[in-house]
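Notes to accompany the following structure.
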Amino acid sequence: MKRVNLFFIQNNEIAVLRLKNINKSEQQLEFLKKEGEKFQAINSDFWAWWEEKVGFSNGDEMDFCFVWDEKNDLIMQNERFCNDLESDIWNEETLDLLLGLFDIKGKISSPNGNSIGFEQYEKEFYTNLILKNQLPPKSRANNSSKKQFNQGTIAPTIQDETPMQKYFREMREREDRQRRK
Numbered sequence: 003m004k005r006v007n008l009f010f011i012q013n014n015e016i017a018v019l020r021l022k023n024i025n026k027s028e029q030q031l032e033f034l035k036k037e038g039e040k041f042q043a044i045n046s047d048f049w050a051w052w053e054e055k056v057g058f059s060n061g062d063e064m065d066f067c068f069v070w071d072e073k074n075d076l077i078m079q080n081e082r083f084c085n086d087l088e089s090d091i092w093n094e095e096t097l098d099l100l101l102g103l104f105d106i107k108g109k110i111s112s113p114n115g116n117s118i119g120f121e122q123y124e125k126e127f128y129t130n131l132i133l134k135n136q137l138p139p140k141s142r143a144n145n146s147s148k149k150q151f152n153q154g155t156i157a158p159t160i161q162d163e164t165p166m167q168k169y170f171r172e173m174r175e176r177e178d179r180q181r182r183k
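The working numbering runs 2 ahead of the 1-based position in the sequence shown.
Structure representation (structure tokens):
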């Protein structure tokens with residue numbers, strides 16, 4: 003099984019997000035919460051908690067994107083951290099979702115020098131993802147993003163959703179609700 007997670011580190015706390023609906027027309031970030039909290043302190047049992055939460059096994063394939071404000075040795079010296087990530091899954095649009103999700107007034111810089119976000123603000127985050135393009139942020143005026151953030155997910159508005167995409171999205175949502183009960 004392929005594990006696709008984004009690890010967002012801010013103020014020495016970490017939020018883990020899972021990428022769902024991996025296709026070109028729809029991406030969705032969903033929080034993996036610990037005791038109902040989106041952020042948790044970074045400590046030595048973090049990776050054990052993560053393995054249990056996602057049901058990780060040693061044969062699983064991993065595609066992990068990391069975004070941080072300050073380096074954290076417990077995370078970045080772990081075997082799961084990779085520098086210079088080139089991914090078919092993570093991209094500029096996904097990081098733009100992250101900027102909107104956390105209402106970040108700043109930029110995310112890539113190892114190759116490209117960045118995404120607001121250049122005029124001092125706040126700078128870093129990522130292991132190699133950004134192919136330098137992009138300005140999209141509009142953050144979407145109030146539905148705030149509502150979805152409070153529910154634990156965020157997804158772009160999809161106007162061209164096919165009936166089949168809608169069917170599978172609704173089926174996944176039903177399965178998720180059943181698992182939460």
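Beta carbons are placed, not taken as given, at the ideal position from N, Cα and C, and that holds for glycine.
Residue range of the beta strand (DSSP E) that includes residue i
i   : result
E63 : 63-70
Counterpart residues of residue i in DSSP-defined beta bridges
i    : result
N7   : R20, F66
E126 : K109
G119 : K109
L131 : L87
Where the alpha helix (DSSP H) containing residue i begins and where it ends
i    : result
E175 : 165-182
Whether residue i touches residue j by CB criterion (9 Å)
i    : j    : result
I132 : G119 : no
P184 : D71  : The structure shown has nothing for residue 184, since the chain only spans 3 to 183.
N60  : R171 : no
N7   : V56  : yes
Q12  : T96  : no
N130 : E94  : no
M64  : R5   : yes
N80  : A43  : no
G102 : E124 : no
K40  : F48  : no
Residue closest to residue i, alpha-carbon to alpha-carbon, out of the options
i    : options               : result
W193 : E94, T164, I16        : Here the chain comprises residues numbered 3 to 183, so residue 193 is not present and cannot be evaluated.
E54  : K35, D65, F66         : K35
C67  : D47, K168, Q122, Y128 : Y128
S46  : N74, R20, F33         : N74
L2   : L100, E37, Q167       : A query on residue 2 cannot be resolved here, the shown segment of the chain reaching from 3 to 183 and no further.
I91  : E177, Y169, L21       : L21
heavy atom of the ligand SAM below 8 Å from residue i C-beta
i    : result
K107 : With respect to small molecules bound, the structure shown includes none, and the ligand SAM cannot be examined in it.
Self-check item: Complete runs of the beta strand (DSSP E) confined to the stretch 13-59 [at least 3 residues]
Solution: Runs of the beta strand (DSSP E) inside the stretch 13-59: 15-22, 30-34, 41-43.
Quiz prompt | Continuous alpha helix (DSSP H) assignments of at least 4 residues falling wholly in the stretch 77-110 | solution = As far as the stretch 77-110 is concerned, its whole alpha helix (DSSP H) runs of at least 4 residues are 94-103.
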